[in-house]
Amino acid sequence: MGEVEKRGEHAPAPAPADWTYAPAPEGRDIVTLRERYGLFVGGEWLEPRSGEHYATISPADEEPLAEIAQAGAEDVDLAVGAARDAFSNGWSSLSPSERAKYLFRIARILQERSREFAVLESLNGGKPIRESRDVDLPLAAAHFFYYAGWADKLEYAFPNRRPRPVGVAGQIIPWNFPLLMLAWKIAPALAAGNTVVLKPAETTPLSALLFCDVLRQAELPPGVVNIVTGDGRTGAALVQHEGVDKIAFTGSTEVGKAIQRELAGTGKKLTLELGGKAANVIFDDAALDQAVEGIVNGIYFNQGHVCCAGSRLLVQESIYEPLVAKLKRRLSTLRVGDPLDKNTDVGAINSRQQLEKIQELVASGEEEGAEIYQPPCRLPEKGYFFAPTVFTNVAQSYRIAQEEIFGPVLSVLTFRTPDEAVEKANNTAYGLSAGVWTEKGSRILWMAQRLRAGVVWANTYNRFDPTSPFGGYKESGFGREGGLHGLEPYLEFDGAETFGG
Ligand code: NDP
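Each residue of the sequence shown is one higher than the last, beginning at 7 in our numbering.
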């Protein structure tokens with residue numbers, strides 16, 4: 007027996023000197039990028055009439071990925087025309103079970119190609135591959151499956167109300183969940199018998215463009231879904247187009263308000279899913295270690311680029327110190343870096359513009375007197391990154407407690423009584439979501455009745471399900487996506503009065 011084998015048998019292996027994770031990058035090869043993309047209109051790729059293109063990049067290293075078409079008003083007009091033709095010439099009168107077949111196909115293809123989509127989503131948007139793989143992709147497919155199931159049951163979903171499709175839907179989505187927001191918009195619209203013109207965000211168009219390939223694979227009739235890329239001007243042209251019957255928008259409150267003003271008096275239907283500044287409320291009887299996981303998930307998931315992020319932590323005074331100590335300890339274990347590394351917890355900030363917005367708001371927090379904590383972590387030299395951040399000593403009036411930062415930045419406030427928790431939680435212009443952590447079921451219900459938020463999570467956070475409606479109060483917008491509620495904005499009803507409602 008040789009020396010080495012003998013040692014292997016009897017002597018314990020020496021303990022590693024370095025416990026840091028080795029890199030575990032997901033391969034990029036599964037994604038094939040074109041050099042240049044056109045607009046997907048009427049089932050074909052068209053060069054933009056505008057003649058303009060722009061580069062889309064990877065925010066993790068600023069590498070240019072592809073040239074993207076900048077659609078102008080004429081291009082939007084073509085896309086709306088294609089959607090109108092498809093609506094009038096077959097899609098709206100297709101038997102509902104046939105419509106369902108296409109949606110089921112799309113859902114299955116998304117599942118089959120999920121790794122390809124997950125890599126592309128992380129590459130173009132900066133989110134950790136673990137999240138694209140385990141959250142964005144399964145949920146996007148689940149939305150298509152869910153609404154496929156409703157397509158031939160609308161009359162049962164809305165009994166005695168004779169639902170019929172609205173027509174052409176113009177859909178504008180943001181950059182934080184590009185494919186998932188596309189699914190939230192397209193699945194219910196198609197299930198209800200509408201056709202669609204969708205504009206992805208300027209910085210994250212690639213997964214929507216790959217989705218066009220899925221539509222072809224599913225043999226969806228041409229023109230039922232049209233994708234027009236470009237910046238805010240493209241979105242504005244879609245909003246203004248007279249041939250659009252309904253606008254669905256997810257994005258900033260500022261742009262949402264401008265769209266609402268634009269559409270006032272036009273008779274077009276509108277749903278707005280806008281910003282948030284959610285309170286995550288921790289009572290002193292909560293399971294603290296679980297709460298810490300919920301807090302971390304609430305604000306550092308997707309670099310905090312989440313409209314329902316738990317960005318204001320409200321902690322009952324008696325547990326403030328142990329909770330903040332645990333939270334800081336947990337922060338030091340978060341790994342910030344390459345979005346395509348399977349060990350990464352916090353990826354890249356989506357754009358330079360967003361990074362600058364976060365930096366500006368964080369500077370304002372320090373100037374106003376809050377105490378900042380960031381765990382020691384080395385950020386990559388290239389690309390847009392921001393360390394997970396916690397602010398303590400935050401007053402309700404500070405900008406970091408009022409404004410949506412849309413980054414990995416948490417503001418900690420305290421309360422003494424449940425009434426005070428409710429008052430502080432509701433002290434915001436927004437009303438999208440909230441979290442409550444306590445072991446008492448009665449207290450959860452008491453809080454949920456008083457929190458002015460579209461979604462209230464109890465002893466969990468950031469849980470999504472296609473069956474559950476999602477949407478806001480106040481400046482977080484109106485209308486619901488998900489569940490049966492998510493079909494209603496894509497339907498018109500008659501007969502309700504005849505049957506007594
Ligand atoms: P925007 O509201 O500008 O973007 C959302 C979508 O609307 C994008 O597709 C955008 O295009 C498009 N758009 C921009 N201007 C117009 C317009 N005048 N008419 C129609 N569509 C338009 O958000 P930003 O990307 O500028 O982000 C700014 C802030 O908004 C963030 O820091 C965050 O606080 C908040 N936000 C909230 C989101 C949410 O889910 N609630 C999502 C994204 C942002 P383009 O991408 O080309 O600008």
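C-beta atoms are modelled at their ideal positions from N, C-alpha and C, and glycine is treated no differently.
What does a CB cutoff of less than 7 Å around residue i pick up in its chain, not counting 5 residues either side in sequence?
i           : result
residue 268 : 245 and 246
residue 153 : 109, 193, 194 and 197
residue 39  : 71 and 72
Tell me which residue opens and which closes the alpha helix (DSSP H) that residue i is part of.
i           : result
residue 150 : 143-156
residue 112 : 102-118
residue 464 : Segment 461-464 is the beta strand (DSSP E) holding residue 464; no alpha helix (DSSP H) there.
residue 192 : 184-197
residue 286 : Here residue 286 belongs to no alpha helix (DSSP H); instead the beta strand (DSSP E) covers 285-288.
residue 421 : Looking at the DSSP string, residue 421 is not in any alpha helix (DSSP H); the run it does join, the beta strand (DSSP E), is 415-421.
residue 259 : 259-269
Hey, how far is the Cα of residue i from the Cα of residue j?
i           : j           : result
residue 211 : residue 62  : 8 Å
residue 68  : residue 354 : 10 Å
residue 440 : residue 369 : 26 Å
residue 315 : residue 95  : 42 Å
residue 256 : residue 180 : 6 Å
residue 351 : residue 133 : 9 Å
residue 66  : residue 486 : 33 Å
residue 347 : residue 119 : 19 Å
residue 218 : residue 237 : 19 Å
residue 465 : residue 123 : 31 Å
residue 222 : residue 450 : 47 Å
residue 117 : residue 190 : 16 Å
residue 349 : residue 30  : 7 Å
residue 413 : residue 306 : 8 Å
residue 333 : residue 298 : 6 Å
residue 91  : residue 186 : 27 Å
residue 240 : residue 394 : 34 Å
residue 25  : residue 342 : 16 Å
residue 114 : residue 127 : 18 Å
residue 131 : residue 290 : 38 Å
residue 389 : residue 383 : 15 Å
For the beta strand (DSSP E) that residue i lies in, which residues bound it at each end?
i           : result
residue 452 : Counting along the chain, residue 452 falls outside any beta strand (DSSP E), though it belongs to the alpha helix (DSSP H) covering 447-456.
residue 201 : 201-205
residue 64  : 59-64
residue 233 : 231-233
residue 374 : Where residue 374 is concerned, there is no enclosing beta strand (DSSP E), although the alpha helix (DSSP H) it sits in stretches over 358-374.
residue 406 : Residue 406 -> not in any beta strand (DSSP E); alpha helix (DSSP H) instead, spanning 405-408.
residue 379 : 377-379
residue 46  : 45-47
residue 318 : 318-322
residue 176 : 174-178
residue 441 : 439-443
residue 74  : 69-75
Is it right to say residue i is buried, meaning 16 or more other beta carbons lie within 10 angstroms of its own, or is it exposed?
i           : result
residue 140 : exposed
residue 162 : exposed
residue 182 : buried
residue 404 : buried
residue 360 : buried
residue 7   : Because residue 7 carries a pLDDT of 42, less than 50, the predicted location of this residue cannot be relied on, and the following value inherits that uncertainty. Residue 7 is exposed by the Cβ-count criterion.
residue 10  : Confidence in residue 10 is poor, its pLDDT being 45 and thus under 50, which makes the residue's placement unreliable; the coordinate value appears in the next sentence. Result: exposed.
residue 81  : buried
residue 51  : exposed
Going by beta carbon distance, what residues of the same chain come within less than 8 Å of residue i, once the five residues before and after it are set aside?
i           : result
residue 105 : 97, 157, 158, 196, 197 and 199
residue 411 : 310, 317, 363, 364, 367 and 368
residue 2   : Nothing can be reported for residue 2, as the shown portion of the chain is limited to 7 through 507.
residue 41  : 72 and 73
residue 408 : 283, 402, 434 and 435
Could you name the residues of the same chain whose beta carbon sits closer than 6 Å to that of residue i, not counting the 5 residues immediately before and after it, in chain order?
i           : result
residue 85  : 47, 203, 232 and 234
residue 453 : 442
residue 457 : 431 and 440
residue 326 : 420
residue 490 : 163
Checklist entry - Below 8 Å, can you find three or more Cβ-Cβ pairs linking the stretch 471-485 to the stretch 264-283? => result Result yes; three or more Cβ-Cβ pairs closer than 8 Å.
Next on the checklist: Does the structure place the stretch 461-476 close enough to the stretch 411-430 that three or more beta carbon pairs sit under 8 Å?
Outcome noted: Verdict: no, contact absent.
Next on the checklist: Three or more C-beta pairs under 8 Å: does that hold for the stretch 281-297 against the stretch 431-451?
Outcome noted: With a cut-off of 8 Å, the stretch 431-451 and the stretch 281-297 count as touching, because enough Cβ pairs lie within range.
Item to check | Any 3 or more C-beta pairs closer than 8 Å across the stretch 486-500 and the stretch 167-177 | outcome: The stretch 486-500 is in contact with the stretch 167-177.
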